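*Asks:*
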Amino acid sequence: MRMWPVVIVLALIIIGIAFYFYKFLRRILVTFDININQKKVKIGLTIATICIGLLCIDISGIAALTILHIMMLGFICQLLNFIIKKIFKVKYENGLRLWKKIYGSGIIPVFIAIVLIIYGYFNLRNVIETDYTIYTGKNIRSEGYRVVLIADVHYGVSLNDEEFTAKCKEISEADADIVLLCGDIIDDSTTKAGMEHVFKTLGSIENKLGIYYVYGNHDRPFYSLKYPFSEQDLVKVMETNGITILKDEIYKITDDLTLVGREDKSRNRNGEGRLTIDSLLSNVNGDSFILTMDHQPNEYAENGRAGTDLLVSGHTHGGQIWPVNLIDKLFKINDAVYGHTQIDEDTEAIVTSGFAGWSYPIKTASPAEYVIIDIKPIN
Numbered sequence: 045m046r047m048w049p050v051v052i053v054l055a056l057i058i059i060g061i062a063f064y065f066y067k068f069l070r071r072i073l074v075t076f077d078i079n080i081n082q083k084k085v086k087i088g089l090t091i092a093t094i095c096i097g098l099l100c101i102d103i104s105g106i107a108a109l110t111i112l113h114i115m116m117l118g119f120i121c122q123l124l125n126f127i128i129k130k131i132f133k134v135k136y137e138n139g140l141r142l143w144k145k146i147y148g149s150g151i152i153p154v155f156i157a158i159v160l161i162i163y164g165y166f167n168l169r170n171v172i173e174t175d176y177t178i179y180t181g182k183n184i185r186s187e188g189y190r191v192v193l194i195a196d197v198h199y200g201v202s203l204n205d206e207e208f209t210a211k212c213k214e215i216s217e218a219d220a221d222i223v224l225l226c227g228d229i230i231d232d233s234t235t236k237a238g239m240e241h242v243f244k245t246l247g248s249i250e251n252k253l254g255i256y257y258v259y260g261n262h263d264r265p266f267y268s269l270k271y272p273f274s275e276q277d278l279v280k281v282m283e284t285n286g287i288t289i290l291k292d293e294i295y296k297i298t299d300d301l302t303l304v305g306r307e308d309k310s311r312n313r314n315g316e317g318r319l320t321i322d323s324l325l326s327n328v329n330g331d332s333f334i335l336t337m338d339h340q341p342n343e344y345a346e347n348g349r350a351g352t353d354l355l356v357s358g359h360t361h362g363g364q365i366w367p368v369n370l371i372d373k374l375f376k377i378n379d380a381v382y383g384h385t386q387i388d389e390d391t392e393a394i395v396t397s398g399f400a401g402w403s404y405p406i407k408t409a410s411p412a413e414y415v416i417i418d419i420k421p422i423n
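The numbering of the sequence shown is the working numbering, which starts it at 45 and goes up by one.
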């Protein structure tokens with residue numbers, strides 16, 4: 045019974061998409077002076093509309109994403125045409141033939157959508173390095189610390205085993221002090237062999253002071269009851285590969301660098317809860333630089349008040365698909381969507397867009413990345 049609401053909503057969405065494209069295709073035919081009242085044209089139009097609707101059943105597929113992009117951009121073109129019509133009035137009715145031909149042909153939304161999908165497909169598979177430098181007034185060692193931040197690999201979505209291994213070898217050349225794995229390294233589509241490979245490969249990244257991991261909302265059986273491995277399997281693989289798991293724990297890296305690993309916020313929905321950042325930092329030496337890992341970029345103000353110096357997160361994928369990033373910012377779904385934020389005078393935050401993304405095979409709102417953070421003392 046629980047699936048019926050989802051099925052009904054999906055069916056209504058598909059019907060809405062099909063209705064829109066019936067009108068969209070009809071406008072194109074009229075623009076090219078094709079008689080839409082002919083029986084064979086009506087049949088062809090109906091078949092094309094049904095096919096478009098059926099292609100959207102797999103809502104995360106390339107075909108559905110292309111169709112949705114055309115639809116969204118088509119609405120924008122309709123708005124633009126409405127504005128032009130209002131501005132030019134009589135001149136629009138009697139002229140502007142070139143614009144009306146371009147608008148009616150549907151070429152603008154189709155062309156832009158195809159370009160965006162192609163860009164997004166290759167962008168998802170082109171993992172780049174993004175660099176930040178954080179300065180602190182705390183008395184840390186003169187050479188500072190170099191931190192590698194990796195999140196949202198969602199292993200199996202984009203890079204294959206060979207490509208992922210090559211990318212981790214590249215990261216090894218960064219000469220990192222510590223490596224932070226900030227959640228959603230795997231998800232419900234990752235096989236057991238994939239899980240073992242990804243953590244073995246991540247565990248091989250060269251570093252001086254350790255590799256540390258916090259859970260994301262996809263790493264453990266949460267969205268699916270058919271995970272091919274248990275949390276115990278996951279823990280064993282990470283520990284075997286030298287990765288330290290932190291769940292609401294404090295880890296003293298050195299005398300002047302303290303790492304805080306948060307339990308993921310999703311656990312609150314399961315009734316298990318997590319500790320507050322205030323309680324975690326209540327007995328931590330405030331003279332130490334406090335680096336907090338929290339998969340979801342939330343509780344910025346709380347971290348500032350509690351004494352976090354730098355908060356690092358993932359989760360958002362930088363919005364992944366435009367305009368989701370703009371919607372996230374508009375409705376403040378998270379405290380930040382991507383990049384660097386100055387929370388207050390003493391606290392900064394960095395959100396990585398992640399190694400990949402979730403489910404959808406494209407990424408248009410942000411790069412696929414790993415992050416290098418240099419923490420340096422103010423001279």
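A virtual CB, placed ideally from N, CA and C, is assigned to each residue, including glycine.
Predicted model only: the values in this text are computed from it and were never measured.
(1) Tell me, which residues are paired with S357 by DSSP?
(2) Classify L311 as helix, strand or coil using the three-state DSSP reduction.
(3) By the DSSP assignment, the alpha helix (DSSP H) with R141 in it spans what residues?
(4) Can you tell me whether G200 is buried or exposed? The criterion is at least 16 other CB atoms within 10 Å of its CB, across all chains shown.
(5) Which stretch, first to last residue, makes up the alpha helix (DSSP H) that contains D277?
(6) For Y165 versus I394, is the C-beta spacing smaller than 8 Å?
(7) Could you check if E307 is buried or exposed, using at least 16 other CB atoms within 10 Å of its CB as the buried criterion?
(8) Ordered along the chain, which non-local residues of its own chain (more than five positions away) have a Cβ less than 7 Å from that of I215?
(9) With 16 other CB atoms within 10 Å as the buried threshold, where does H384 fall?
(10) Mind pulling the beta strand (DSSP E) runs of 3 or more residues that sit fully within the region 160-187?
(11) Is the number of C-beta pairs between the region 84-100 and the region 122-136 that are closer than 8 Å three or more?
(12) What's the call for P49, buried or exposed, on a 16-neighbour Cβ count within 10 Å?
(13) How would you label T391, buried or exposed, when you count the other beta carbons within 10 angstroms and need 16 or more for buried?
(14) Kindly confirm or deny that the region 109-118 and the region 61-68 touch, where touching means at least three C-beta pairs closer than 8 Å.
(15) For M282, collect the residues of the same chain with a Cβ closer than 7 Å to its Cβ; drop the 5 residues on either side in sequence, then sort them by chain order.
(16) Does the distance from the CB of L109 to the CB of Y404 come in under 8 Å?
(17) Helix or strand or just coil, what does DSSP make of L225?
(18) According to DSSP, what are the bridge partners of D196?
(19) Assuming F208 contacts T245 under a Cβ cut-off of 8 Å, what Cβ separation, rounded to an integer in Å, is found between them?
(20) Pick from A157, L355 and W366: whose alpha carbon is nearest that of T396?
(21) If you draw a straight line from the C-alpha of N79 to the C-alpha of P411, how long is it?
(22) Below 8 Å CB to CB, which residues in the same chain sit around I96 once its five sequence neighbours on both sides are set aside?
(23) Can you tell me whether L142 is buried or exposed, with buried defined as 16 or more other CB within 10 angstroms of its CB?
(24) If I follow the unbroken alpha helix (DSSP H) through I106, where does it start and stop?
(25) Can the beta-carbon of D228 be found closer than 8 Å to that of A195?
(26) Would you tell me roughly how many angstroms separate the C-alpha atoms of S427 and H359, rounded to the nearest one?
(27) Where S186 and I416 are concerned, what is the direct C-alpha to C-alpha distance, given to the nearest angstrom?
(28) Using the DSSP secondary-structure output, state which residues sit across from T336 in a beta bridge.
(29) What are the start and end residues of each continuous alpha helix (DSSP H) run of 4 or more residues lying completely inside the region 75-99, in chain order?
(30) Can you pull the DSSP bridge partners for K296?
(31) Between the C-alpha atoms of K280 and K291, what's the straight-line distance to the nearest angstrom?
*Replies:* Concretely, from the data shown:
(1) V395
(2) The sequence given here places Arg at residue 311; Leu does not occur at that position. Here R311 sits in helix by DSSP.
(3) R141 to S149
(4) In summary, G200 is buried, with 16 or more beta-carbon neighbours lying within 10 Å of its beta-carbon over all protein chains present.
(5) E275 to T284
(6) no
(7) Buried, because 16 or more other Cβ atoms sit within 10 Å of the Cβ of E307.
(8) V192, I249 and Y414
(9) exposed
(10) With a minimum length of 3 residues, the continuous beta strand (DSSP E) runs that stay inside the region 160-187 are 171-180.
(11) With the cut-off at 8 Å, the region 84-100 and the region 122-136 do not touch.
(12) exposed
(13) buried
(14) With the cut-off at 8 Å, the region 109-118 and the region 61-68 touch.
(15) F243, Y257 and I289
(16) yes
(17) strand
(18) DSSP lists no partner for D196.
(19) 6 Å
(20) L355
(21) 46 Å
(22) I61, A62, F65 and I111
(23) exposed
(24) From DSSP, the alpha helix (DSSP H) with I106 extends over I106 to F132.
(25) Yes, the pair counts as a contact, with Cβ atoms nearer than the cut-off.
(26) No answer is possible for residue 427: it lies beyond the span of the chain, which begins at 45 and ends at 423.
(27) 18 Å
(28) V304 and L355
(29) 83-99
(30) Answer is T302.
(31) 15 Å
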